[in-house]
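Protein chains in written order, with the working numbering: chain A, 1 to 418; chain Y, 419 to 836; chain C, 837 to 1254; chain D, 1255 to 1672. Glycine residues also receive a C-beta, built at the ideal position from the N, C-alpha and C atoms. As the structure is a prediction and not an experimental result, all values here were calculated from the model. Each remark here refers to the structure printed beneath this line.
Protein chains: 4
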Amino acid sequence: MPRPDEHRGVTPAAVADRYAAIRARTAALAEPLSPEDCCVQSMTEASPAKWHLAHTTWFFETFVLERFEEGFRPFAPAYRVLFNSYYNSIGDKHPRPERGLLTRPPLAEVLAYRRAIDARMAAVLARRDLSAEAVVLAELGIHHEQQHQELILTDIKHLLSLNPLQPAYGKTPESGSAAPEMVWMGFEGGTVVIGHGGEGFCYDNETPRHRVLLEPYRLASRAVTNGEFQEFAAAGGYRDARLWLAEGWDWVASAGRSGPLYWRRGGGEFTLGGVVPRDPGAPVAHVSYYEADAFARWAGARLPTEAEWEHAAAGALPVGNFGQDGRFHPRAADAAGLAQIFGDVWEWTQSAYAPYPGFRAAPGAVGEYNGKFMVNQQVLRGGSCATPEGHVRASYRNFFPAAASWQFSGIRLARDGL
Amino acid sequence: MPRPDEHRGVTPAAVADRYAAIRARTAALAEPLSPEDCCVQSMTEASPAKWHLAHTTWFFETFVLERFEEGFRPFAPAYRVLFNSYYNSIGDKHPRPERGLLTRPPLAEVLAYRRAIDARMAAVLARRDLSAEAVVLAELGIHHEQQHQELILTDIKHLLSLNPLQPAYGKTPESGSAAPEMVWMGFEGGTVVIGHGGEGFCYDNETPRHRVLLEPYRLASRAVTNGEFQEFAAAGGYRDARLWLAEGWDWVASAGRSGPLYWRRGGGEFTLGGVVPRDPGAPVAHVSYYEADAFARWAGARLPTEAEWEHAAAGALPVGNFGQDGRFHPRAADAAGLAQIFGDVWEWTQSAYAPYPGFRAAPGAVGEYNGKFMVNQQVLRGGSCATPEGHVRASYRNFFPAAASWQFSGIRLARDGL
Amino acid sequence: MPRPDEHRGVTPAAVADRYAAIRARTAALAEPLSPEDCCVQSMTEASPAKWHLAHTTWFFETFVLERFEEGFRPFAPAYRVLFNSYYNSIGDKHPRPERGLLTRPPLAEVLAYRRAIDARMAAVLARRDLSAEAVVLAELGIHHEQQHQELILTDIKHLLSLNPLQPAYGKTPESGSAAPEMVWMGFEGGTVVIGHGGEGFCYDNETPRHRVLLEPYRLASRAVTNGEFQEFAAAGGYRDARLWLAEGWDWVASAGRSGPLYWRRGGGEFTLGGVVPRDPGAPVAHVSYYEADAFARWAGARLPTEAEWEHAAAGALPVGNFGQDGRFHPRAADAAGLAQIFGDVWEWTQSAYAPYPGFRAAPGAVGEYNGKFMVNQQVLRGGSCATPEGHVRASYRNFFPAAASWQFSGIRLARDGL
Amino acid sequence: MPRPDEHRGVTPAAVADRYAAIRARTAALAEPLSPEDCCVQSMTEASPAKWHLAHTTWFFETFVLERFEEGFRPFAPAYRVLFNSYYNSIGDKHPRPERGLLTRPPLAEVLAYRRAIDARMAAVLARRDLSAEAVVLAELGIHHEQQHQELILTDIKHLLSLNPLQPAYGKTPESGSAAPEMVWMGFEGGTVVIGHGGEGFCYDNETPRHRVLLEPYRLASRAVTNGEFQEFAAAGGYRDARLWLAEGWDWVASAGRSGPLYWRRGGGEFTLGGVVPRDPGAPVAHVSYYEADAFARWAGARLPTEAEWEHAAAGALPVGNFGQDGRFHPRAADAAGLAQIFGDVWEWTQSAYAPYPGFRAAPGAVGEYNGKFMVNQQVLRGGSCATPEGHVRASYRNFFPAAASWQFSGIRLARDGL
């Protein structure tokens, strides 16, 4: 989380505009969903869309309005507990596995809650004397909401995937594509600098910017495709213990996996557009870290470290497939050079999520944002087709447990030396 | 399940009328519920209201229309699996713990399903040449639906009870009542006859009517009240191992119980009308078999056997508090003699649920209705404030596992001798 | 538990003799076992042999010596908790699932504990002024120890069965036998009397003797054999849901069962003499209630009630295969008439374990012996090849949960009518 | 694992001597234990001492004798599966949670197995033409056995700690000590080199030696003491969510922890010498990574990275408290400067266990030694009072999951800057 005084350049007016746009997009994402779709929780790790809609609103109410609105009164006192996610400093929180039990408040009331907070936020953001801290917190809330936009999509995908009717959320993805040949891109390494260093927003976990020593390495020019991953599976990859981390091998057995999460027998794949034939040229998605690691070993390669990834990505603009076509599904690479760095699929790195040298969490409740998850998680980089455009950057660190596969998580290979 | 030829007396027209009335009542029970309320499953043992609405409809479609409607075509082929409860003979069934994941079909579509089947059932039931078997199956479906009417209420009560907002389903129960003094009613016993013997409908588990030998016994004139149960709790009943069955003692610890399921600290009770002060004169409800048994031991009494209960109830008309006031909550007894035999609360008996001598399950899928649950369940008798009026009778056998307490289950005491 | 004044006929001298003999037999049963064998607990339901050796001794120390020995001092104060099984009235008890963690005291010390208590018991039982109550409690302790003799065998069988070396405890059972044809034996029923009524010892759960009304019924002349059960399995019995109780069907899946507990692929069976070819004529053993019930349904029969069983057995002397050959394995029937009533295998009945009319548990800690288990258990009758000779009788009620199969539990079929 | 050709300097004779000495020490460690103590498994993560005794022997039999002994015949074919730990390449393995069920073979037979393999190993190691690969594998087996020596102690400590008798394994630790004041030792950092670089043995996970960039940092001069950790607990450290990683906070609740694993109420601590008063000056031991991390945060510090630790330790000889006094318990620091780097307690680092740049696992089964555990583990450094003297070195990487606390794991604090 950025310190309040670091972002003087952001004007309240710009934030107010972004606030309105981001909030409208969240509502639009929930548009195709019924009240039932928005209410049910498909597993502990996922949350109902209604909860996402309310929790993001709670964030603004709690961290901005409660501190900076005159005469603040809570929209509904019970929401303070109901829609707190994990901020222990704020007080009690409703247990995560029971988020799906909240049939009340109904969706309509949560949407009303959003509108009410939006109006009050607009008023606060229009104040001339607004403190820099308030602006920074509003900015944080906007980025926080963008993260939940992605989770709305991945959580609803998980829920719908468990319905025998296999319903579609939206448009059907294209199929039948071919990916360009994968080539190795070399990097000399040396003492490089990573971490956020520019003007714009970043999370606290991207700081401080610091030096890292890299040996020469190569990265694959694009993400591993469905077709390539199918070769691994067909070659018995899921049945050869030597390819797997010990935990991964146990996970294959206990989770009963023989392919990525949404692959279906007979060549199909469940997508946000329903079940479609798997696109051989599109990046494989919804693999766990264990699967990514095993594939890399089978391919005679390895996963990149996050520093290798960031160094390679440092010069690139964050452009790519962020679901702008409304399909929210990865597509075959169509660019030369280092393609698909941003968008399509999050790329598992071999780096455990840990504090950067000199890292300090922000004081207060917002300091609970990132640091407290720094154990037993792997870093992913680059964003996916479900990530909001403009949300990621080269220094952005996403993180999930090794077994997680309901995100659009994929694979980019790396190798030692040039 | 009655044999087809035993019920010639029931006319199709009478069944058609009952069909329409019962189906309308089910819809009315779901009226106060939002689509979200109807979708969520609060625990494995409970089902969503939407599932109840669909499953009862599936029953008529599968067991009546599929066999007796000309040119039968399923409303939606997928429903055959989705809304099958446990009839293995019918084919696959959707896993019970995942009933709450079915956000699709939406509530509106399930209501449309109901209307469509109702129209087709009306046409079939109007046929002059309708076979006796079809009438019997329709009759069975009606009684089946009444059972689910009760479950809609108890399942939604459980769901709402877990919501921190503690929402009300309907009207607030009355409070502050006083129960008449409990007196012992004596029965001489001897060789008596139990089981269903009359003209009307019954389930197969109530047959055959048979002789039982009873020693002299006494029954309490009314159900145990909240006030009486409060004495037990205040006297340390939940902390004295000697009062409990071994399994019950373990259950108290593992379930963390110190009072009936819906009692709240400070004298409150969660009801279908929200949290209210506990009514001292009303029957205690939502106790497990373990609690009923421990209370009886503490009170120097025991629970009745189902034969003792049925023999005592044999002469009584099934009248009582079946929620006709729309409050769906037990009320203090107001009658002299053997009061509250029917309605208010189901009464735990010390009888395990077992086949009557000579019992034979009906052939085919409907034979899966009762017999296959005859292990590790205790029989309850008499109906509750959530049971549809007209559904129970003296020979009616309800059954639940000893740990179950989300039904309106209460206690009537018994003693040996006159 | 018998009341003290009911057993005046038993002389202290006779009890002292029986005490010595029973205690010596327990030690002999443990003789073939190593200290390791005696220490390990293979599952929560089973106990280590060392624990059985100590707990039975604790029983005499606590219920006899502590009350009737002058100047009583405990052998080791810690044993009061360590070797208490479930008597909550006595105080704390060591958690059952952790019995296998007690590597100390070592076996040698537990054997020394036995010898010390034996000497003190001998002194007490030799006293001329010994009260009738002490004699009754010693008698109870003897029968209690006999129950644990059986458990030593069944628990060690379970432990050894899990060892890939499949070690033998003792002699190899015979094989290749043929059973006489099964014939139906008819009983007219009527008002009969069951429960213990004679002079000798009985447990409290066998009382009071009382009348029961039985309809005419038939019992199979012998137990179901391995060969017959093999037909059921070969005919797909484990894959046909219609044959099973609903709980049983779930149990087949969750326990992964396709045959009795100790059957091995290829026709073998694990026995206390190691793995041997299954004896087709010997009674099938180690089936759960679910399997017994499913087999009976497949065979067009049912399981007997405990009253039917006891009425049929009432005239018979308790003679049979109680492992007198040191093989502790069921053998093919070799008698005409109603064979194998006693010994070979415990016979599942369809009766849930419940108090007899007028049952009252004994006061004090020994009253915890039986009554508190009267829920979710099925009654078994007749004793097995692991039951000590002289321990069972026609009125004896054994009980286990429906899923239990590590006892020598088998099947006798019954039918309605003559 | 070192490559065969890297260790030409080690003579077979030297290995033979070390082999004999290490094997004798293992047997000596098991000396105080009864057959029962050696058989029981107290939790899935721990193994029985008998299993350790056999598995280390299996290692030599499988990786040395099977390949390099002429006319090799297995000691007992079943042991190949029974005592395989996790080498999937070798074939089936006995399930880890069932290691405690192996009452057979008895301890005496496992000791005979050890003697037999020792004789055959001596013969092989005496061969003049022995290949370098065999020597390297024998050396690996020796180090492997040393690891299991430590586990014998920590696993038996866990087992005995669960016994209500709280038995002692060996000598009572001293108590009442005072630690020297903690001071901060500064390191300038820069581009340093870590990883194994010398002549002697190392595991594959310590290689390749490589450069790392370190910012200036400080390390505490000694380990955190019981007295200091007591302050943390007394100050409510276990009840303040802000101090904990999110996973750690959940772990405190689910594990029910309010102090280190072996702390007892009233100031006691369970040790391998029984329960003794906690020594305020001795290093706190048996804390999880979560506890170490929370303590550091409370103390305004952090845990070191493994590179920081190794750089600081690089010049030090591996001397310290390795239990040479036979007490196997940490003692107060008694040296100036950077004390307790080696011995006393393993020191949690904030580094997740990951491959060094350029790491390649050895080919074949021994390549399963380290690499396959490189996820969801934290690195610990420095050895403990239970580590065999001579086993550790500055580059040694131990690793355990964050929740593990049955090892002698403790805390050294670090800070940014000089």
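Annotation: the continuous beta strand (DSSP E) that includes residue 768(Y) extends over 764-770. In the three-state reduction of the DSSP assignment, residue 603(Y) falls in the strand class.
According to the DSSP assignment, residue 759(Y) belongs to no beta strand (DSSP E), since it is labelled neither H nor E. The three-state secondary structure of residue 1448(D), taken from DSSP, is strand. Contact between residue 26(A) and residue 145(A) holds, since their C-beta atoms are separated by about 6 Å, short of 8 Å. Residue 1096(C) and residue 238(A) have their C-alpha atoms spaced approximately 33 Å apart.
DSSP places residue 1216(C) in the strand class (E or B) of the three-state scheme. Going by DSSP, residue 1250(C) is part of no alpha helix (DSSP H) but of the beta strand (DSSP E) stretching over 1250-1252.
For residue 817(Y), the closest Cβ of chain C is not nearer than 8 Å. For residue 1481(D), the uninterrupted alpha helix (DSSP H) segment begins and ends at 1480-1488. The secondary-structure analysis by DSSP pairs residue 1466(D) across a beta bridge with 1446(D). Within chain D, the residues whose beta carbon sits less than 9 Å from that of residue 943(C) are 1288, 1289, 1290, listed in sequence order. Per DSSP, residue 319(A) lies in no alpha helix (DSSP H) and is assigned neither H nor E. Secondary structure note for residue 1653(D): its beta strand (DSSP E) is the uninterrupted segment 1652-1654. Of the candidates 428(Y), 824(Y), 811(Y), 824(Y) places its Cα closest to the Cα of residue 688(Y). Between the stretch 1234-1252 of chain C and the stretch 1122-1138 of chain C, the count of C-beta pairs closer than 8 Å reaches three or more; the two stretches touch. One alpha carbon belongs to residue 757(Y), the other to residue 1200(C), and they sit about 36 Å apart. In the three-state reduction of the DSSP assignment, residue 1245(C) falls in the strand class. Taking all protein chains in view, the Cβ of residue 553(Y) is crowded by 16 or more other Cβ atoms within 10 Å, so the residue is classified as buried. In terms of Cα proximity to residue 527(Y), the closest of 494(Y), 761(Y), 559(Y) is 494(Y). For residue 147(A), no chain D residue has a C-beta closer than 9 Å to its own C-beta; the minimum C-beta separation is roughly 16 Å.
By the criterion of a C-beta distance shorter than 8 Å, residue 1187(C) is surrounded in its chain by 1141, 1142, 1143, 1214, 1215, once the five residues flanking it on both sides are discounted. From the beta-carbon of residue 1418(D), the residues of chain C found nearer than 7 Å are 914, 917, 918, 930. A Cβ-Cβ contact shorter than 8 Å links residue 1533(D) with residue 1431(D).
Here residue 1339(D) has 1309 as same chain residues with Cβ atoms under 6 Å from its own Cβ, once five neighbours each way along the sequence are excluded. Here the alpha carbons of residue 1084(C) and residue 778(Y) stand approximately 19 Å from one another.
With fewer than 16 other CB atoms across the displayed protein chains lying within 10 angstroms of its CB, residue 1017(C) is exposed. Here residue 11(A) is exposed: its Cβ has fewer than 16 other Cβ atoms, across all protein chains shown, within 10 Å.
Taking the Cα of residue 828(Y) as reference, the smallest distance to any Cα among 799(Y), 808(Y), 575(Y) is reached at 799(Y). The alpha-carbon separation between residue 143(A) and residue 391(A) amounts to approximately 7 Å. In terms of beta-carbon proximity, residue 1212(C) lines the interface with chain Y, with at least one pair separated by less than 8 Å. The three-state secondary structure of residue 635(Y), taken from DSSP, is strand. The beta carbon of residue 974(C) lies closer than 6 Å to those of 851, 900 in the same chain, with the five residues before and after it left out. With respect to the C-alpha of residue 1296(D), the residue from 1405(D), 1671(D), 1602(D) having the closest C-alpha is 1405(D).
Taking a beta-carbon distance threshold of 8 Å, residue 1293(D) counts as an interface residue toward chain C.
For residue 167(A), the nearest beta carbon of chain Y is closer than 8 Å to its own beta carbon.
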